[in-house]
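Chemist: Handing you a structure now.
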Amino acid sequence: MSPAETLLLVAFWVLVAVAVALRLGPILRRHQPTAAPPYATFTVHPAGARWLACDTTICGHMTTIHTPQPGGAYRCTTCGHTKGD
């Protein structure tokens, strides 16, 4: 095969590859997955709320949000247990 024939053959296959890519581009973009939902939701906590370790097994002794109560106590927002300051 002469160099001119080789060059024409390479040019032909490059054109075929470009044509296939132009045909497949919109199809591949159309089937992309949608955006994933957010992993966490953020909420505003009441004024004066503190993160304290809860003393009950309901909360698993984990740190949860406690809201202030009259007299200096704090109430757990998860289980309702009240603990002193």
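Position in the sequence shown (first residue = 1) + 47 = the numbering used here. Backbone N, C-alpha and C define an ideal beta-carbon position, used for all residues, glycine too. All of these numbers come straight from a predicted model, not from anything done at the bench.
Taking the straight line between their C-alpha atoms, what separation do you get for LEU75 and VAL65?
Modeler: Their backbone Cα atoms lie some 15 Å apart in a straight line.
Chemist: Look at the alpha carbon of PRO73 and the alpha carbon of ALA51, and state the distance between them as a whole number of angstroms.
Modeler: Going from the Cα of PRO73 to the Cα of ALA51 covers about 34 Å.
Chemist: Inspect the beta-carbon positions of THR104 and ILE112 and report whether they are closer than 8 Å.
Modeler: Not a contact, by the Cβ cut-off of 8 Å.
Chemist: Under three-state DSSP, which class holds PRO73?
Modeler: Of the three classes helix, strand and coil, the one that applies to PRO73 here is helix, per DSSP.
Chemist: Beta-carbon within less than 6 Å of ALA96's beta-carbon, same chain only, minus the 5 sequence neighbours each way: which residues are those?
Modeler: Only ILE112 and THR114 meet the Cβ criterion.
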